[in-house]
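Trainee: These protein sequences, in sequence, are chains G and W.
Here the first sequence is numbered in numbering that gives the first Met the number 0, starting from 0 and rising by one per residue.
Here the second sequence is numbered in numbering that gives the first Met the number 0, starting from 0 and rising by one per residue.
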Amino acid sequence: MASRPIRVLVAKPGLDGHDRGAKVVARALRDAGMEVIYSGLRQTPEQIVKTAIEEDVDVIGLSCLSGAHLTLFRKVIELLHQNNIKDILIVGGGIIPEEDVEALKEMGVKGIFGPGTPTSEIVDFIQREVGLIG
Amino acid sequence: MIKPETAEAIQKAKQEWLATHKFKETKSEFKSVSGITIERLYTPADIDVDYLEDLGFPGEYPFTRGIQPTMYRGRLWTMRQYAGFGTAEESNRRYRYLLEQGQTGLSVAFDLPTQIGLDSDDPMAEGEVGKVGVAIDSLEDMEALFDGIPLEKVSTSMTINAPAAVLLAMYVAVAEKQGTRPDQLEGTIQNDILKEYAARGTYIFPPEPSMRLITDTFEFCSKYMPRWNSISVSGYHIREAGATAVQELAFTLADGIAYVRAAVERGLDVDQFAPRISFFFNAHSNFFEEIAKFRAARRLWARIMKERFHARNPRSWMLRFHTQTAGCTLTAQQPDNNIVRVALQALSAVLGGTQSLHTNSRDEALALPSEDSVRIALRTQQIIAYESGVADTIDPLAGSYFVEWLTGEIEKKAEEYIEKIEAMGGAPKAIANGYIQKEIQESAYRYQKEVESGERIVVGVNMFQTEDSGHRELLKVDPAVAEKQVLKLNALKSRRDNVLVKERLEMLRKAAAGSDNLVPVILDAVKAYCTLGEICGALRDVFGEYKARDYNG
Chain G
0 MASRPIRVLV
10 AKPGLDGHDR
20 GAKVVARALR
30 DAGMEVIYSG
40 LRQTPEQIVK
50 TAIEEDVDVI
60 GLSCLSGAHL
70 TLFRKVIELL
80 HQNNIKDILI
90 VGGGIIPEED
100 VEALKEMGVK
110 GIFGPGTPTS
120 EIVDFIQREV
130 GLIG
Chain W
0 MIKPETAEAI
10 QKAKQEWLAT
20 HKFKETKSEF
30 KSVSGITIER
40 LYTPADIDVD
50 YLEDLGFPGE
60 YPFTRGIQPT
70 MYRGRLWTMR
80 QYAGFGTAEE
90 SNRRYRYLLE
100 QGQTGLSVAF
110 DLPTQIGLDS
120 DDPMAEGEVG
130 KVGVAIDSLE
140 DMEALFDGIP
150 LEKVSTSMTI
160 NAPAAVLLAM
170 YVAVAEKQGT
180 RPDQLEGTIQ
190 NDILKEYAAR
200 GTYIFPPEPS
210 MRLITDTFEF
220 CSKYMPRWNS
230 ISVSGYHIRE
240 AGATAVQELA
250 FTLADGIAYV
260 RAAVERGLDV
270 DQFAPRISFF
280 FNAHSNFFEE
290 IAKFRAARRL
300 WARIMKERFH
310 ARNPRSWMLR
320 FHTQTAGCTL
330 TAQQPDNNIV
340 RVALQALSAV
350 LGGTQSLHTN
360 SRDEALALPS
370 EDSVRIALRT
380 QQIIAYESGV
390 ADTIDPLAGS
400 YFVEWLTGEI
410 EKKAEEYIEK
420 IEAMGGAPKA
430 IANGYIQKEI
440 QESAYRYQKE
450 VESGERIVVG
460 VNMFQTEDSG
470 HRELLKVDPA
480 VAEKQVLKLN
490 ALKSRRDNVL
500 VKERLEMLRK
510 AAAGSDNLVP
520 VILDAVKAYC
530 TLGEICGALR
540 DVFGEYKARD
550 YNG
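(1) What's the gap between the Cα of A481 of chain W and the Cα of G129 of chain W?
(2) Do T324 of chain W and N359 of chain W count as a contact pair if the criterion is CB distance below 9 Å?
(3) Starting from the Cα of Y416 of chain W, find the closest Cα among W:I435, W:L54, W:T406 and W:L105 and give me that residue.
(4) Taking 8 Å as the limit between beta carbons, can you name the residues of its chain near D55 of chain G, skipping five residues before and five after?
(5) Taking just the CA atoms, how far does A143 of chain W sit from S563 of chain W?
(6) Classify G130 of chain G: buried if its beta carbon has 16 or more other beta carbons within 10 angstroms, exposed otherwise.
(7) May I have the straight-line CA-CA distance separating L267 of chain W from Q354 of chain W, to the nearest angstrom?
(8) Only counting the same chain, and skipping five residues up and downstream in sequence, which positions put a Cβ closer than 6 Å to that of G169 of chain G?
(9) Along chain W, in chain order, which residues have C-beta atoms closer than 8 Å to that of V75 of chain G?
(10) Closer than 9 Å by beta-carbon distance: list the chain W residues that pair up with T135 of chain G, in chain order.
(11) For L248 of chain W versus A413 of chain W, is the C-beta spacing smaller than 9 Å?
(12) Residues in the region 104–129 of chain G with C-beta within 8 Å of chain W's C-beta atoms, listed in sequence order?
(13) Just to make sure I have the definition right: I need the residues of chain W whose C-beta is within less than 9 Å of the C-beta of S65 of chain G. Which are they?
(14) Give a yes or no on contact between the region 403–410 of chain W and the region 282–302 of chain W, applying the rule of three or more CB pairs nearer than 8 Å.
(15) If we define contact as Cβ-Cβ less than 9 Å, is I94 of chain G a contact residue for chain W?
(16) Thinking just about the alpha-carbon of each residue, which of W:R503, W:E139 and W:S156 is nearest to the one in A172 of chain W?
(17) Please confirm if the region 109–116 of chain W is in contact with the region 151–169 of chain W, defined as three or more CB-CB distances below 8 Å between the two stretches.
(18) If Y235 of chain W and N281 of chain W are in contact, beta carbons under 8 Å, what's the gap, nearest whole angstrom?
(19) From what residue to what residue does the alpha helix (DSSP H) around L538 of chain W run?
(20) Does the separation of the CB atoms of S119 of chain W and D136 of chain W fall below 9 Å?
(21) Whole angstroms are fine: how far does the CA of G34 of chain W sit from the CA of A429 of chain W?
(22) Rounded to a whole number of angstroms, what is the C-alpha to C-alpha distance between K22 of chain G and Q102 of chain W?
(23) Between W:E533, W:G73, W:L473 and W:W404, which has its C-alpha nearest L488 of chain W's C-alpha?
(24) By the 10 Å Cβ neighbour count, where 16 or more other Cβ atoms means buried, how is M462 of chain W classified, buried or exposed?
(25) Where does M554 of chain W sit, in a helix, a strand or coil, going by DSSP?
(26) Taking a Cβ distance cut-off of 7 Å, strictly less, list which residues of the region 18–40 of chain G are near chain W, in chain order.
(27) Is the Cβ of G98 of chain G closer than 9 Å to any Cβ of chain W?
(28) Evaluate S229 of chain W with the Cβ neighbour count: other Cβ atoms within 10 Å of its Cβ, from every protein chain shown; 16 or more gives buried, anything less gives exposed.
(29) Given N551 of chain W, which residues of its chain have a CB within under 7 Å of its CB, disregarding the five upstream and five downstream residues?
(30) Can you tell me whether V339 of chain W is buried or exposed? The criterion is at least 16 other CB atoms within 10 Å of its CB, across all chains shown.
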C-alpha cells in the first residue's frame, strides 16, 4: 500500500451535465480518506490527462451519462499511453449499457460502476486495485 | 376549519388513543423522502385550512385544487413523451410514430452540442452528436425534424435553455414555411438558465446576458406569440440532482421570482408576460408528498404573483405545469420494476393536477429507450386516463387530513427557503454564492447514505435482489450520425449565401453589444441559414462564457 493517501481525479469528460453521481462518489471517496480532485463539467480528454499528471493522481474516475463513454474514455486512455503513463487506475461510471462494458474493460477501464452501485463497493475496489499497482 | 374546542377534544382523544394502543412499530420514526416526519394518524385537528381562503374552487384563486374549472373532465392532460436522437430525419420518424400511437404533443430532446450552442463539427462535440437528443445545426435540420408535421395543429415543447432564442427562431421560421403564423403556434421553450447553473449544466453565457436573452424572449412572445410558453421554470433537474421535494419547490419558485423581477425591471407589464410562464416538476416516488407538493406549488405561486408582484390578471396567478416521472428513481437492476414505479409517479402527477406528462421508460437507467419501452410508458398514461377513473372528479384527495396537512407543511417549509434566498438577494445571488448547489449536494449525499445503510429501501437494489439475467433490446444510436451531420453541414455552407450570413452575424454582434431585443435579429440570422454554432459564437464574442466553480468542497 502507498504510504500517502490515495489520490483520485473524478472527472466529467465531454458535454454531459449530470454530475450528481460524480459528486456523490467524490465525497464518498473523501470520506474514506482519499484525496479527491473534482474536475468540474465539460472537460476535454486533454484537460483531464493534464490535471491527472499535474495532481499526480493514482486513480482517474470518469463519469459519463450521455452515451459518449466509448469515444471519450478511449481518448483519455490513449492520451495516457502517449504520455507513457501506465500506473494510473482507470474506473468509470454512468449510463453504460451492458454490451459496452466488455469494450471498456478491454481498452483499460478496470472497473465500471453503473446506477445502484454502493459507494462502498467503489471505495473497496480502488483500495484493492491501487494496492496492487503500488 | 373546525372550532378550536373541537380540535382540542380531538387532540385529547388522539393522545388517549395513542396511550392505549402502545403497539410497537417497525421504525422509531417514519420519514418522507424529503425528511418530513410522518405521524401514525392525522385528524381534523392537524389541519389549519380555511376552505374558501386556502383551497377554494378549481379555476379560481389560489388554485390549490386545480387551474381549470373542469380539469380533466374538460380535457385530459397532454401526453407528451420527451424524444429525440440521432439525425433530424430519424427523430422525425419517432415523432410520427408517437403521434400515431395517440400522443397528443411533441417534446424535443436536443443533443448536448445543440444545447451548448455548438455545431456537430466542433471538436468539443466529439462523441456527443445525436446521443441524448437530436442534432440540430441549422434551419435545414429543423425543417427535416418537423417534416410532414403540421405545426398549427401540434403543440411542441423544446428542452432548450442557453440557446433557446435561436431554436425558437428556427421553429418560427419552419412554421412560416408551412404557412403558419407565430401567433398560431402552441408550445414551450424551457429557457430556464438559472437551474442550468444550479443543477443541469448546459449553460453558455454568464448570468447577466443570459437573463437578458430570457427577458428578450418574454417580450417577443408576449407581442407575437400569445399561445407560446416563453419559459418552463424547471424543478425537474433540481430534483434529479438530489434535492428534496421541498427544495425542488422552493428553488424553482425562487427562480421564477427572479425571472418575473428581471422582466418587470425591464419595464414589461407583469400581466403581459406572466400568463405565459409555465413550470416543470418532477414526480418522485413518495406518493402523497408529491401530490401535496403540486397542490402547494399552485397556492404558493398564486400568492407570490398576486401579493408580491401585484398581478391582476388571474392567468398570471396560475401555476401551469408539466411533469416528468423521476429518472433518478429508475433502477438498472430488474428494469421491468420501473414500469410500476413510473405508474405510481404518473398517478401522483395526475392526482396533483398536471397539465402535461412524460412517463419514463423502463430501460432508461441503461440507455435511451427502445420503441417498445416508450410504448409501455405511453400506455401507462392512457390506462390512468381511460381506465382508472381518477380523472373523473377534480382534486379527489382534497380534504384528506393527511394530504391537507402535508400540503400546508410543504408550503410552509418552501416559503422559509424562499425567504432565505430572497434575503440573500434572490436566486441568481444564491446560485452565485453556491448556496443552492450546496443544499442540493447535501441532500443527494444524504439520500445515497440512507440507501447504503439500508434505511431507505430500493426494491431490487438493496433489498429483494436477484441475479440479473436476460438480454435486453436497447436503442443504439447510429454511430454514423456525426459523419452524416458534418457532411450535411458542409454542403449547406457551400450552398448558402455566405455574404448574407456574414452580414447577419455582424448585425447580431452589434445588437448584442447594444440593448435592443435580440430575438428578431436572431430570426434574421436563422433565416439566412447561419448555423447554431455561428449564432452562438457571435453571441459568445460579445457576452463571453460562463465558467462554473466547484462547490463540492
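By construction, the Cβ of each residue, glycine as well, lies at the ideal position given by its N, Cα and C atoms.
Mentor: Let me lay it out:
(1) For the purposes of this step, residue 481 of chain W is taken as the residue at position 482 of the second sequence. For the purposes of this step, residue 129 of chain W is taken as the residue at position 130 of the second sequence. So the alpha carbons of these two residues sit roughly 7 Å apart.
(2) What you label residue 359 of chain W is simply residue 360 of the second sequence in a count that begins at 1. What you label residue 324 of chain W is simply residue 325 of the second sequence in a count that begins at 1. Contact: yes.
(3) Numbered from 1 along the second sequence, position 417 holds the residue referred to as residue 416 of chain W. Considering only alpha carbons, the answer is W:I435.
(4) Here residue 55 of chain G refers to the residue found at position 56 of the first sequence. Answer for D55 of chain G: R6, listed in chain order.
(5) Past the boundaries of the shown model lies residue 563 of chain W; chain W is included only from 0 to 552, so the question cannot be answered.
(6) To locate residue 130 of chain G, count along the first sequence from 1; it is residue 131. The residue in question, G130 of chain G, is exposed, as its Cβ has fewer than 16 Cβ neighbours within 10 Å.
(7) Here residue 267 of chain W corresponds to residue number 268 of the second sequence, with the count starting at 1. Here residue 354 of chain W corresponds to residue number 355 of the second sequence, with the count starting at 1. Spanning the two alpha carbons is a distance of roughly 27 Å.
(8) Summary: the structure shown does not reach residue 169 of chain G, with chain G confined to residues 0 through 133, and so no result is reported for it.
(9) Locating residue 75 of chain G in the first sequence gives position 76, where the first residue counts as 1. Within chain W, no residue comes near V75 of chain G; the closest Cβ sits about 11 Å away, beyond 8 Å.
(10) As displayed, chain G neither begins before 0 nor continues past 133, which places residue 135 of chain G out of reach and without an answer.
(11) Numbered from 1 along the second sequence, position 249 holds the residue referred to as residue 248 of chain W. Numbered from 1 along the second sequence, position 414 holds the residue referred to as residue 413 of chain W. A413 of chain W is positioned such that its CB atom lies closer than 9 Å to that of L248 of chain W.
(12) Those residues of the region 104–129 of chain G that come within reach of chain W (Cβ to Cβ, closer than 8 Å) are G113, P114, G115, P117, T118 and S119.
(13) Your numbering for residue 65 of chain G matches position 66 in the first sequence. Residues of chain W passing the Cβ test: D110, L111, G126, E127, K130 and V131.
(14) A contact exists between the region 403–410 of chain W and the region 282–302 of chain W.
(15) Looking up residue 94 of chain G in the first sequence gives position 95. So, interface residue.
(16) Within the second sequence, residue 172 of chain W is the residue found at index 173, counting from 1. Checking every option, the nearest Cα to that of A172 of chain W belongs to W:E139.
(17) Contact holds: three or more Cβ-Cβ distances are below 8 Å.
(18) The residue given as residue 235 of chain W occupies position 236 in the second sequence. The residue given as residue 281 of chain W occupies position 282 in the second sequence. Rounded to whole angstroms, the Cβ separation of Y235 of chain W and N281 of chain W is 5 Å, and the two are in contact under 8 Å.
(19) What you label residue 538 of chain W is simply residue 539 of the second sequence in a count that begins at 1. It spans L531 to F542 - the alpha helix (DSSP H) in which L538 of chain W sits, taken as one unbroken run.
(20) Counting from 1 along the second sequence, the entry for residue 119 of chain W is found at position 120. Counting from 1 along the second sequence, the entry for residue 136 of chain W is found at position 137. Yes, Cβ-Cβ distance for S119 of chain W and D136 of chain W is below 9 Å.
(21) In the second sequence, the residue the question calls residue 429 of chain W occupies position 430. In the second sequence, the residue the question calls residue 34 of chain W occupies position 35. The C-alpha of G34 of chain W is placed about 23 Å away from the C-alpha of A429 of chain W.
(22) The residue given as residue 22 of chain G occupies position 23 in the first sequence. The residue given as residue 102 of chain W occupies position 103 in the second sequence. Going from the Cα of K22 of chain G to the Cα of Q102 of chain W covers about 37 Å.
(23) On the second sequence, residue 488 of chain W is found 489 positions in, with the first residue counted as 1. Closest by alpha carbon: W:E533.
(24) Here residue 462 of chain W corresponds to residue number 463 of the second sequence, with the count starting at 1. Classification for M462 of chain W: exposed.
(25) Since the first residue shown for chain W is 0 and the last is 552, residue 554 of chain W is missing from the structure and cannot be characterised.
(26) Cβ contacts with chain W: D18, R19, K22, V23, A25, R26, Y37, G39 and L40.
(27) Residue mapping note: residue 98 of chain G aligns to position 99 of the first sequence, counting from 1. With the sequence shown as reference, residue 98 of chain G is identified as Glu, and Gly is not the correct amino acid for it. Against chain W, the CB of E98 of chain G has a partner CB under 9 Å away; the residue lies at that interface.
(28) For this step, residue 229 of chain W is matched to residue 230 along the second sequence. So S229 of chain W counts as buried.
(29) By one-based count along the second sequence, residue 551 of chain W stands at place 552. Note that N551 of chain W has pLDDT 49, beneath the 50 cutoff, so the model's placement of it is unreliable and no number is given.
(30) The residue you call residue 339 of chain W lines up with position 340 of the second sequence. Answer is exposed; the Cβ neighbour count stays below 16.
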